[in-house]
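Q: I am attaching a structure below and will ask some questions about it afterwards.
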Amino acid sequence: MNANFLQTPIDYLKGVGPNRADLLKKELGIHTFQDLLNLFPNRYLDRTQYYKIAQLQQTNAEVQIIGKITHIKTVEQKRGKRLVATFMDETGSMELVWFRGQKWIRENLKLNVPYVIFGKTNYFNGSFSMPHPEMELLEAHEKSIRSAMQPVYPSTEKLGNSGITNRVINSLMQQLFLESKNNFVETLSNTLLEQLKLVSKKEALFNIHFPKSQAHLARAQYRLKFEELFYIQLQLIRKNLIHKSKIKGYTFEKIGDNFNTFFSDHLPFKLTEAQKRVIKEIRNDLGSNAQMNRLLQGDVGSGKTIVALMSMLIALDNGFQACLMAPTEILSVQHYNSLFEMCKKLNTSIELLTGSTKTSKRREIHEKLENGELDILIGTHALLEDKVKFKNLGLAIVDEQHRFGVEQRSKLWHKNDYPPHVLVMTATPIPRTLAMSVYGDLDISVIDELPPGRKDIKTVHRFDANRLKVFRFIKDEISKGRQVYIVYPLIQESETMDYKDLMDGYESIVREFPLPEFQVSIVHGQMKPADKEYEMNRFIKGETQIMVATTVIEVGVNVPNASVMIIESAERFGLSQLHQLRGRVGRGAEQSYCILMTSHKLSADAKTRLETMVRTSDGFEIAEVDLKLRGPGDLMGTQQSGVLNLRIADIVKDSEILKIARSYAAQTLKADPNLASEENTPIKNTYAQLGKYRNIWNYIS
Ligand code: ADP
Ligand code: MG
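Going by full-length UniProt numbering, the residue at position 104 of the sequence shown is 104; the numbering climbs one at a time, nothing skipped.
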C-alpha cells in the first residue's frame with residue numbers, strides 16, 4: 001500500500017465526519033489512516049470458548065458460560081439492595097448479581113431457560129459470582145453471527161459519551177481495511193520472516209484487528225511485538241555503532257607503572273571475578289580508538305571504587321588526567337579519603353574539589369589542573385564549573401548516575417579537545433531487559449558478585465506493636481558498640497504529616513535513649529546544609545549512636561560501624577529505596593540487621609515488597625520484582641519514558657521477545673551496517689522513516 005494512502009487525513013474515511021474526526025484526533029491522537037491502523041486493541045473478548053462453572057479459575061478474565069437461572073431474590077444490605085440470581089449448569093452453581101436496573105431485570109429474566117452469560121467473575125468464600133453479566137438466550141445466541149474474538153480498543157470517557165463506542169471504532173477499522181484492500185507493505189526482511197517464522201505484515205495487521213482464532217491472534221501479536229522491539233533495538237545499537245565509529249577517543253595503549261605497581265604491590269584485597277571481568281571490559285574500551293561510554297552497574301558494596309581507581313590509573317599511565325564526580329559533598333570526601341590512601345603509595349597526586357573548598361586551595365587546584373601537575377581530581381558538581389580546566393582529561397567517572405542529568409555529563413565532555421572516556425557508575429540495579437531498552441545505546445558492565453566474607457544482612461518485618469522489643473534490641477547493639485539508623489519516610493504529598501511523624505519519632509527515641517548515655521543525631525531536608533553536614537559527620541565519627549533521618553541520608557555513605565537499619569512505615573517506601581537504605585548497613589565485619597516496621601494495614605503490593613526484602617538481598621532480583629510491581633515507566637521516571645512508550649510490546653512480559661529482537665537487530669547490523677543489501681531494503685526504508693515520527697508505529701506500515 002503506498003504511503004500516501006496511509007497518510008490520508010482521517011476525515012476522509014467513510015463514516016468519519018468532522019465531529020468524529022475532531023474527537024479521534026483529540027482523544028486518541030488519530031490524525032491519519034495510518035494512526036487508526038495502528039490503534040491496536042487492548043484486549044479481546046474471547047467468545048470462542050465456553051466454560052463450565054466447575055472449571056472457573058480465580059483470574060479476572062471474562063468467561064462465557066451456558067446455564068439456567070433457577071432462583072432469583074433481592075438481598076437487602078446496609079449499602080442498598082441487590083438482585084441475586086442462582087445460575088447453574090451441569091457442573092455447579094454460581095451467583096449473578098445486579099446493583100442497577102434491578103426492576104427491569106427481575107421482570108425480564110426467564111427462569112429455567114438456557115442462557116449464555118458473559119462477564120468477569122469474582123471469587124469469594126469458596127464460590128463464584130458475576131456482577132452485571134451480558135446475557136443472551138441460548139437460542140438467540142446461536143442464531144447471531146459475530147466474530148469470535150472481539151477486539152476491545154483503547155477509549156476515553158469522552159469518546160464513549162459521544163457515541164464513538166467500541167463498535168463504531170470496529171466498523172471504522174473494517175472500512176479502512178475495505179478501502180486499503182489489506183494491501184500493506186512488508187517492513188521486515190524475508191530472512192527475518194523465515195528465520196523467526198513470522199507472519200507477514202498483512203496477515204499480522206488483519207489478525208490483530210479481526211482475529212480468526214486465538215492462534216492467529218497470537219501469531220499476529222508476536223510479529224508486531226517483535227517488530228516494535230526490533231526497530232527500537234536497531235536504533236539503539238546503530239546509535240552505539242555510529243558513536244563508536246564517529247566519536248574518536250584517546251587510545252590508552254599501554255598499561256604502565258601506576259596500574260602494574262598497584263596491581264602487584266598495593267591491592268588491598270583479592271579482586272572478585274566480577275571486578276576482574278569489568279576491569280578487562282573497561283581496558284578494552286580504553287585501548288580502542290573510540291570514546292568509551294560505559295555504564296557500570298553494581299549493587300551497594302560490590303566494590304566499584306577499586307574499579308574506578310584502576311581505570312583512572314590506566315589513564316594516568318598514558319599521560320592523562322582523570323576525575324571522579326559524586327553527587328554529594330560527603331560522598332566526595334569519602335571517595336577522596338579512601339583513594340588518597342591508595343594513591344599515597346603510588347606516586348600520584350590527588351585533590352578534592354567541592355563547594356566548600358577554600359578559595360586559596362581552589363586556585364591552587366585550578367592551576368595544578370591546567371599545568372598538569374594534578375593527576376586525579378575528586379569532587380562534586382564543582383568540577384563542572386567553567387574555571388575548572390584540565391590539561392588533558394582522559395577519563396571522567398560519574399558515581400551514582402541518576403543524580404546527574406545527561407546535560408551535566410556532556411558538560412564534562414567539553415572540557416578539552418577530545419571527549420574523555422566516560423564511565424558512569426550506579427548502585428541501582430536495573431533489570432536486564434529495562435537496561436537494554438533504556439540504555440541500549442550504552443555499553444554495560446555489571447558487577448554481579450559481592451566481595452567474599454560479606455555477612456548477609458538479617459532482615460525482618462515487625463509490626464508497630466513490637467516497638468518495645470525493637471528498642472531493647474537497639475540497646476543491646478549499642479552496648480556492643482554498634483550504631484543505628486532510624487529512617488522515616490518523607491513523601492512529598494504529605495510533607496507536614498511526615499515531619500510531624502519524624503519529630504514525634506525523634507522525641508520518643510530521645511526519651512527512650514536519654515543523654516548522657518546515648519547521643520542521637522537527626523538529619524532532615526529542612527535543615528541547613530551545614531547543620532546536616534555537621535550531624536552526619538558526628539555520626540560518621542561515632543560521636544552519636546543513633547541517626548534519626550528522613551531519606552536524605554546520603555546514597556553511598558559509608559559508616560562501617562553502623563549495623564542496624566530501622567525503617568519506619570516501611571510499607572510507604574518503594575522497593576529500590578528500601579534496598580538502597582538497607583545497603584547503608586552490612587559494611588563492617590559485624591552481623592548487620594534491617595528491621596522493617598509497619599502498621600497492620602498493608603496493601604497486597606506492600607506485602608510483596610516486604611516479603612521480597614526479607615527473602616533476598618540480591619539487588620537484581622529486587623529490581624525485577626520492582627519492575628513487575630511498578631512497570632517500566634515509573635521505574636525510570638518520566639525522563640526515558642519515551643523509549644518505553646510501547647504500543648504492543650511489554651518489556652516485562654515480552655522480555656524473551658526483547659532479547660531475540662536485540663540479538664537479531666545486532667546481527668542484521670553486523671552483517672550489513674548500512675542496510676544496503678536488497679534483502680534489507682524493507683528494513684532500510686522503514687528505518688529511514690524512524691526519525692520523522694514521534695511514535696515508532698507512525699512509520700511502521
Ligand atoms: P560500592 O560498589 O558500593 O562503591 P565499595 O567500592 O565502596 O562499594 O566497596 C565496598 C567495600 O568492599 C569497601 O570497604 C571495599 O574496600 C571492599 N571491597 C571491595 N572489593 C573487595 C574485594 N574484592 N574483596 C574484599 N573487599 C572488597
Ligand atoms: Mg560507591
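Even for Gly, the Cβ is constructed at its ideal location relative to N, Cα and C. Keep in mind it's a predicted model, so treat the numbers as computed, not measured.
1) How would you write the range of the beta strand (DSSP E) that T426 sits in, first residue to last?
2) I need the DSSP call for E571, collapsed to helix, strand or coil.
3) Which term fits N674, buried or exposed, when burial requires 16 or more other beta carbons within 10 angstroms of its beta carbon?
4) In this structure, what does DSSP give as the bridge partners for L205?
5) Any heavy atom of the ligand MG within a distance shorter than 7 Å of the CB on D399?
6) I need the DSSP call for N19, collapsed to helix, strand or coil.
7) Secondary structure at T681, three-state DSSP: helix, strand or coil?
8) Taking just the CA atoms, how far does K73 sit from K120?
9) Sorted by chain position, which residues of the same chain lie with C-beta nearer than 8 Å to R694's C-beta, five sequence neighbours on each side aside?
10) What do you get for G542, buried or exposed, if any count of 16 or more other CB atoms within 10 angstroms of its CB means buried?
11) Can you give me the start and stop residues for the alpha helix (DSSP H) that L309 sits inside?
12) Pull up the distance between the alpha-carbon of residue 720 and that of V84, whole angstroms please.
13) Based on the DSSP output, what are the partners of N293 in its beta bridges?
14) Taking the alpha carbon of N293 as the point to measure from, which residue in P489, V424 and N125 has its own alpha carbon closest?
15) Helix, strand or coil: how does DSSP classify H461 here?
16) Tell whether a beta-carbon distance below 8 Å holds between S521 and V548.
17) At 4 residues or longer, what runs of the alpha helix (DSSP H) sit wholly inside the segment 240–264?
18) Shortest alpha-carbon distance to Q483 belongs to which of P420, Q591 and K212?
19) Could one say the Cβ of N207 lies closer than 8 Å to chain C's Cβ atoms, at least one of them?
20) Cβ of T550 within 8 Å of Cβ of Y506?
21) Going by beta carbon distance, what residues of the same chain come within less than 7 Å of T544, once the five residues before and after it are set aside?
22) If you measure from the CB of T328, is any heavy atom of the ligand MG nearer than 7 Å?
23) Does DSSP classify Q102 as helix, strand or coil?
24) Check whether the Cβ atoms of S445 and E568 lie closer than 8 Å to each other.
25) So for L331, helix, strand or coil by DSSP?
26) Pick out whichever of P451, P682, L138 and V460 has its Cα sitting closest to the Cα of F118.
27) At what residues does the alpha helix (DSSP H) containing I474 begin and finish?
28) At the level of alpha carbons, what is the spacing between K670 and Q275?
29) With a floor of 4 residues, list each alpha helix (DSSP H) that falls wholly inside the segment 477–521, ordered by position along the chain.
30) Find the nearest neighbour of M325 within the set M312, V16, Q235 and S180, judged by alpha-carbon distance.
31) Between the segment 317–335 and the segment 371–381, do at least 3 Cβ pairs fall closer than 8 Å?
32) Just the Cα atoms here: how many angstroms apart are Y231 and V278?
33) Could you check whether the segment 57–73 touches the segment 98–116, counting it as contact only if at least three pairs of C-beta atoms, one from each stretch, sit closer than 8 Å?
34) For I242, does the count of other Cβ atoms within 10 angstroms reach 16, so buried, or fall short, so exposed?
35) Short of 6 Å in beta carbon distance, which residues of its chain neighbour A290, apart from the five on each side in sequence? Order them along the chain.
36) Looking only at DSSP bridge pairs, what is K455 linked to?
A: In terms of the structure at hand:
1) As a position in the sequence shown, residue 426 is number 426, starting the count at 1. It spans H421 to T426 - the beta strand (DSSP E) in which T426 sits, taken as one unbroken run.
2) For this step, residue 571 is matched to residue 571 along the sequence shown. Reduced to three states, the DSSP call for E571 is helix.
3) Translated into the one-based positions of the sequence shown, residue 674 becomes position 674. Per the 10 Å Cβ criterion, exposed.
4) Translated into the one-based positions of the sequence shown, residue 205 becomes position 205. Looking at the DSSP assignment, L205 forms no beta bridge with any residue, so it has no partner.
5) Residue 399 sits at position 399 when you count from the first residue of the sequence shown. D399: yes, Cβ under 7 Å from the ligand MG.
6) Within the sequence shown, numbered from 1, the residue matching residue 19 stands at position 19. It is helical.
7) On the sequence shown, position 681 is the one that residue 681 refers to. Three-state DSSP puts T681 in a helix.
8) Taking the first residue of the sequence shown as position 1, residue 120 is located at position 120. Taking the first residue of the sequence shown as position 1, residue 73 is located at position 73. C-alpha separation (whole angstroms): 21 Å.
9) Start at 1 with the first residue of the sequence shown, and residue 694 comes out as number 694. Summary for R694: the model assigns pLDDT 46, below 50, so the residue's position carries little reliability; its value from the coordinates is reported in the next sentence. Taken in chain order, the list of residues that qualify is empty.
10) On the sequence shown, position 542 is the one that residue 542 refers to. With fewer than 16 Cβ atoms within 10 Å of its Cβ, G542 is classed as exposed.
11) Here residue 309 corresponds to residue number 309 of the sequence shown, with the count starting at 1. Counting along the chain, the alpha helix (DSSP H) containing L309 begins and ends at K304 to D317.
12) Because residue 720 is not part of the residues shown, which for the chain are 1 to 701, the question remains open.
13) As a working note, residue 293 is residue 293 in the sequence shown. Partner(s): V422.
14) Here residue 293 refers to the residue found at position 293 when the sequence shown is read from its first residue. The residue with the shortest Cα to Cα distance from N293 is V424.
15) Stepping through the sequence shown from its first residue, residue 461 is reached at position 461. Here H461 sits in strand by DSSP.
16) Mapped onto the sequence shown, residue 521 falls at position 521. Mapped onto the sequence shown, residue 548 falls at position 548. Yes, the pair counts as a contact, with Cβ atoms nearer than the cut-off.
17) 257–261
18) For the purposes of this step, residue 483 is taken as the residue at position 483 of the sequence shown. Nearest of P420, Q591 and K212 to Q483, Cα basis: Q591.
19) Protein chain content of the structure displayed is limited to a single chain, and chain C is not contained in it.
20) The residue given as residue 550 occupies position 550 in the sequence shown. The residue given as residue 506 occupies position 506 in the sequence shown. Contact: no.
21) Here residue 544 refers to the residue found at position 544 of the sequence shown. The answer, listed in chain order, is Q519, V520, S521 and R538.
22) Residue mapping note: residue 328 aligns to position 328 of the sequence shown, counting from 1. No, Cβ of T328 sits at least 7 Å from all heavy atoms of the ligand MG.
23) As a working note, residue 102 is residue 102 in the sequence shown. If DSSP states are grouped into helix, strand and coil, Q102 belongs with the helices.
24) Counting from 1 along the sequence shown, the entry for residue 445 is found at position 445. Counting from 1 along the sequence shown, the entry for residue 568 is found at position 568. For S445 and E568, no; Cβs fall outside 8 Å.
25) Counted from its first residue, the sequence shown places residue 331 at position 331. Here L331 sits in helix by DSSP.
26) Against the sequence shown, residue 118 aligns to sequence position 118. Ranking P451, P682, L138 and V460 by Cα distance to F118 puts L138 first.
27) The residue given as residue 474 occupies position 474 in the sequence shown. From DSSP, the alpha helix (DSSP H) with I474 extends over R467 to S479.
28) Residue 670 sits at position 670 when you count from the first residue of the sequence shown. Residue 275 sits at position 275 when you count from the first residue of the sequence shown. Roughly 29 Å separates the two Cα atoms.
29) 495–512
30) As a working note, residue 325 is residue 325 in the sequence shown. Ranking the options by Cα distance to M325, first place goes to M312.
31) yes
32) The residue you call residue 231 lines up with position 231 of the sequence shown. The residue you call residue 278 lines up with position 278 of the sequence shown. About 29 Å.
33) yes
34) Here residue 242 is taken as the residue at index 242 of the sequence shown, counted from 1. I242 comes out exposed.
35) Looking up residue 290 in the sequence shown gives position 290. Hits under 6 Å: K244 and G249.
36) Position 455 of the sequence shown holds residue 455. BP columns for K455 are empty, so no partner.
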